[in-house]
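Sequences listed follow chains A and B, in order.
Under the numbering used here, think of the first position of the first sequence as 16, with each following residue one higher.
Under the numbering used here, think of the first position of the second sequence as 16, with each following residue one higher.
Quick notes on the structure that follows.
Protein chains: 2
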Amino acid sequence: MTAGVAELPGAPAVRRRVTVVLDGFLEHKAGTAAKLRMPTEVTECLRDFLAAGGKRLRPLLCVSGWQAAGGHGTPEALIKAAASLEMFHAFCLIHDDVMDNSARRRGAPTVHRRLARHHAHGRTATAARRVGVSGAILVGDLALAWSDELLHAAGLTPCQLDAVRPLINDMRSEVMYGQYLDVTAAGRPTADVEQALRIVRYKTAKYTVEHPLRIGAALAGAPLAVHEALSAYALPVGEAFQLRDDLLGVFGTPEVTGKPSLDDLREGKHTVLIALVLQRADAHQRSVLHTLLGAPRLDEAGGDRIRELLTATGARDVVEDMIGTLRAQALRVLETAPFPPHAAAHLRQLADAATARAS
Amino acid sequence: MTAGVAELPGAPAVRRRVTVVLDGFLEHKAGTAAKLRMPTEVTECLRDFLAAGGKRLRPLLCVSGWQAAGGHGTPEALIKAAASLEMFHAFCLIHDDVMDNSARRRGAPTVHRRLARHHAHGRTATAARRVGVSGAILVGDLALAWSDELLHAAGLTPCQLDAVRPLINDMRSEVMYGQYLDVTAAGRPTADVEQALRIVRYKTAKYTVEHPLRIGAALAGAPLAVHEALSAYALPVGEAFQLRDDLLGVFGTPEVTGKPSLDDLREGKHTVLIALVLQRADAHQRSVLHTLLGAPRLDEAGGDRIRELLTATGARDVVEDMIGTLRAQALRVLETAPFPPHAAAHLRQLADAATARAS
Chain A
16 MTAGVAELPG APAVRRRVTV VLDGFLEHKA GTAAKLRMPT EVTECLRDFL AAGGKRLRPL
76 LCVSGWQAAG GHGTPEALIK AAASLEMFHA FCLIHDDVMD NSARRRGAPT VHRRLARHHA
136 HGRTATAARR VGVSGAILVG DLALAWSDEL LHAAGLTPCQ LDAVRPLIND MRSEVMYGQY
196 LDVTAAGRPT ADVEQALRIV RYKTAKYTVE HPLRIGAALA GAPLAVHEAL SAYALPVGEA
256 FQLRDDLLGV FGTPEVTGKP SLDDLREGKH TVLIALVLQR ADAHQRSVLH TLLGAPRLDE
316 AGGDRIRELL TATGARDVVE DMIGTLRAQA LRVLETAPFP PHAAAHLRQL ADAATARAS
Chain B
16 MTAGVAELPG APAVRRRVTV VLDGFLEHKA GTAAKLRMPT EVTECLRDFL AAGGKRLRPL
76 LCVSGWQAAG GHGTPEALIK AAASLEMFHA FCLIHDDVMD NSARRRGAPT VHRRLARHHA
136 HGRTATAARR VGVSGAILVG DLALAWSDEL LHAAGLTPCQ LDAVRPLIND MRSEVMYGQY
196 LDVTAAGRPT ADVEQALRIV RYKTAKYTVE HPLRIGAALA GAPLAVHEAL SAYALPVGEA
256 FQLRDDLLGV FGTPEVTGKP SLDDLREGKH TVLIALVLQR ADAHQRSVLH TLLGAPRLDE
316 AGGDRIRELL TATGARDVVE DMIGTLRAQA LRVLETAPFP PHAAAHLRQL ADAATARAS
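If you want it as structure tokens, here you go:
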């Protein structure tokens, strides 16, 4: 998520409080591990990983959902439930990085790389790499289990727990299925726009936007109409957000996006943009694309050739149009949504920020 | 776990009912996946995996714990909670197989191998292997999330849920830490017996025996004295069980144990047996062992040389003595434990079966 996100009023305070909850929880876990004479690098890895990712997007959206449902203030139970989403997200990213064999995340080595180095002594490079991967799978597993502990230790009422549990269940399954679609589609780009949109919906729109908003709303005891309005808003915003991210991943200025502009193309990611260009390309263009997309050694000249085709076939313009349409759709929902005015205003701002060009 | 396990009276009925719960749950999940147009192989993999492993050891121990605490009959909520332990175990094994790069489990290809084949079309062998590993990590993640859903959908009372949640939390963290110790110790065998015993305690004694027993007891509202007696019984039984398994892994007849007798030695697993032989070996013997242990191409002659040293140094006898001591310790607990007579009798039988020679 490289696009900027509108600041919730009070966001810095929410971020700080979420961080305090996560630090306290992990300190407690480190204490337990020490008592059991278990290795300390597990909690250290998680603590550093969580400290490095300061945006707290999902916790903030959880608070936005609470406010959209008329929730007052930011009670500690809400902050703790929001923190459990951040711990869950750490699980997702740590496992994603293993699957993508990524070297860096949040300006530091990924967990599997860090653990490989930690356990390198007396091992071959291959053996150390394997220990690193195994360790990261387990650190991710612990983050998933601990996100569940955080949720249940949040001090929610039985009624609040009953309201959020089905949403948490859906969130977990859907993001895992979304990632499954993503990894099984990668490296074999096709013209299947529907499939690419399904990945966007499950990995981003539902996971990053809809579920956090609705979990916050459920904690405030939101009626069905609020949940429906939040979903109707969240899905187009989330999809537009990801489409903007895909465009920036290819056309963005690396200095602005913070992401090398060849990574997505080298990976052969099955994005909507790529599905569209394959759909619209003629036979010659398609064969060029099939040679270049997913080539691990793709160079700048190859990247430029793909960019030319994305523009020439009109795929880039179609994605820009889709973003505009989705943004308008989300804003229309807000006109009639049963949210308090300050919550609606914030969500409007968020829709603008998530879909705006950043290059 | 290759050693035989004593049959709980009514075990076949419990097994059948657990299987019905798991099948029903996965059928429901397959239906949801179909509605969302998600790939069907995820639930198919899990269903086949769970169908192939018919022992249901942890669910049976959960029922034993219920009975030890004076629980009557086998209510459906107990069976469902027990089934959630089996789903959790599927998660453990699927991820373990990825970490160990195992080819087969329960007489069939492991999940990562099966998914690699499923997604082989249009991919290089390396790319297919990576998709298989990623897919298996995700199928494991889903099994973990779904074990939690099963537990919460079991129809437990709030009081039962409150009683089991801390045990479930400990079970999850401790088996993950145990596996972490195991993978970071593998391939670098040392004379550290304490460390080897710690792995046995967390990966087997607590996870396989103590937690299932105590979770069942908690469901029956067991008082502290019952929990303490179950722990005092479970830890030595579980440790003895694993020590027997380690001996059989090296000295057992493959036709009886169902496990090739060179696997553990080739992996360089950090077992108590190996730690002891390294502790007792002289300099020459130690250098022979360091050359042979963990060698991926270790042959039968090399295996025989290790077996000779295990016997000559007395390591094998020490482990036999430990098993005897642990077994006696567990049986002593049963003499004064506050369990109903039929439950105590069953646990006595279990201690015998778990520690007996099978070759």
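Yeah, the Cβ is synthetic: ideal placement off N, Cα and C, and Gly gets one too.
Note that the structure is a prediction, hence the values are computed from the model and not measured.
In angstroms, rounded to a whole number, what distance separates the CA positions of residue i and residue j?
i: glutamate 367 of chain A; j: arginine 342 of chain A; result: Residue 367 of chain A is actually aspartate in this sequence, not glutamate. So the alpha carbons of these two residues sit roughly 7 Å apart.
i: serine 99 of chain B; j: leucine 65 of chain B; result: 12 Å
i: threonine 17 of chain A; j: alanine 28 of chain A; result: Interpretation of threonine 17 of chain A is limited by its pLDDT of 40, a score under 50 that renders its predicted location unreliable; the figure taken from the coordinates is listed afterwards. Each residue's Cα considered, the two are about 22 Å apart.
i: valine 208 of chain A; j: methionine 53 of chain B; result: 15 Å
i: asparagine 184 of chain B; j: tyrosine 217 of chain B; result: 14 Å
i: glycine 329 of chain A; j: valine 292 of chain A; result: 8 Å
i: threonine 199 of chain B; j: histidine 133 of chain A; result: 10 Å
i: threonine 268 of chain B; j: arginine 312 of chain B; result: 20 Å
i: alanine 97 of chain B; j: leucine 304 of chain B; result: 42 Å
i: glycine 19 of chain A; j: alanine 151 of chain A; result: Low confidence applies to glycine 19 of chain A: its pLDDT is 47, below 50, so where it sits in the model is not reliable, and the reading given next is rough at best. So the alpha carbons of these two residues sit roughly 29 Å apart.
i: glycine 85 of chain B; j: alanine 358 of chain B; result: 9 Å
i: leucine 365 of chain A; j: glycine 264 of chain A; result: 20 Å
i: alanine 49 of chain B; j: threonine 55 of chain B; result: 7 Å
i: leucine 212 of chain B; j: glutamine 194 of chain B; result: 13 Å
i: lysine 70 of chain A; j: arginine 30 of chain A; result: 8 Å
i: proline 204 of chain B; j: alanine 310 of chain A; result: 41 Å
i: aspartate 458 of chain A; j: arginine 295 of chain A; result: Here chain A has residues from 16 to 374 only, and residue 458 of chain A is not among them.
i: cysteine 107 of chain A; j: arginine 229 of chain A; result: 19 Å
i: valine 252 of chain B; j: alanine 345 of chain B; result: 6 Å
i: leucine 2 of chain B; j: threonine 326 of chain B; result: Residue 2 of chain B is absent from the structure shown; chain B starts at 16 and stops at 374.
i: histidine 136 of chain B; j: histidine 127 of chain B; result: 15 Å
i: arginine 6 of chain B; j: glutamate 59 of chain B; result: Because residue 6 of chain B is not part of the residues shown, which for chain B are 16 to 374, the question remains open.
i: leucine 23 of chain B; j: histidine 361 of chain B; result: 7 Å
i: aspartate 314 of chain A; j: methionine 102 of chain A; result: 36 Å
i: arginine 372 of chain B; j: alanine 255 of chain B; result: 11 Å
i: tyrosine 222 of chain B; j: methionine 186 of chain B; result: 6 Å
i: alanine 249 of chain B; j: alanine 369 of chain B; result: 11 Å
Quick one: list the residues of chain A neighbouring residue i, beta-carbon separation under 8 Å, in chain order.
i: isoleucine 152 of chain B; result: His110, Val113, Met114, Ile152
i: histidine 134 of chain B; result: Thr199
Taking Cβ-Cβ distances shorter than 7 Å, what residues in chain A pair up with residue i?
i: arginine 119 of chain B; result: Under the 7 Å cutoff, chain A gives no residues; its nearest Cβ is about 19 Å from arginine 119 of chain B.
i: tyrosine 195 of chain B; result: Pro54, Val57, Gly150, Leu153
i: glycine 202 of chain B; result: Arg138, Ala142
i: histidine 167 of chain B; result: Arg180
i: arginine 213 of chain B; result: Arg52
For residue i, report the span of its alpha helix (DSSP H) as first-last.
i: serine 188 of chain B; result: 173–200
i: leucine 23 of chain B; result: Note, leucine 23 of chain B: premise wrong, no alpha helix (DSSP H); not H, not E.
i: glutamate 323 of chain A; result: 315–327
i: methionine 337 of chain B; result: 330–351
i: phenylalanine 256 of chain B; result: 239–266
i: glutamate 282 of chain A; result: 278–282
i: proline 74 of chain B; result: 72–83
i: arginine 418 of chain A; result: This structure does not reach residue 418 of chain A, given that chain A is present from 16 up to 374, and the question cannot be answered.
i: leucine 307 of chain A; result: 298–307
i: glycine 231 of chain B; result: 226–234
i: phenylalanine 64 of chain A; result: 56–67
i: histidine 361 of chain A; result: 356–370
Name, please, each residue of chain B whose Cβ falls closer than 9 Å to the Cβ of residue i.
i: tyrosine 192 of chain A; result: Ala48, Leu51, Met53, Pro54, Val57, Leu153, Leu157
i: proline 173 of chain A; result: Pro173
So is the beta-carbon of residue i under 8 Å away from any non-hydrogen atom of the ligand NAP?
i: histidine 361 of chain B; result: Among the components modelled here there is no ligand, and therefore nothing to report on the ligand NAP.
Which chain B residues are close to residue i, counting only those with a beta carbon under 7 Å from its beta carbon?
i: serine 188 of chain A; result: Leu157, Ala160
List, in chain order, every chain B residue whose beta-carbon is nearer than 8 Å to that of residue i.
i: valine 198 of chain A; result: Val146, Ser149, Gly150, Leu153
Next on the checklist: Threshold first: 3 residues or longer. Then list the beta strand (DSSP E) segments lying entirely within the stretch 108–180 of chain B, N to C.
Outcome noted: none
Item to check | Against chain B: residues of the stretch 140–165 of chain A by CB proximity under 9 Å | outcome: Ala142, Arg145, Val146, Val148, Ser149, Gly150, Ile152, Leu153, Val154, Gly155, Asp156, Leu157, Leu159, Ala160, Trp161, Asp163, Glu164
Item to check | Residues from the stretch 226–254 of chain A in contact with chain B, defined by Cβ distance under 8 Å | outcome: none
Checklist entry - Of the residues that make up the stretch 336–368 of chain B, which ones have a beta carbon closer than 9 Å to any beta carbon in chain A? => result none
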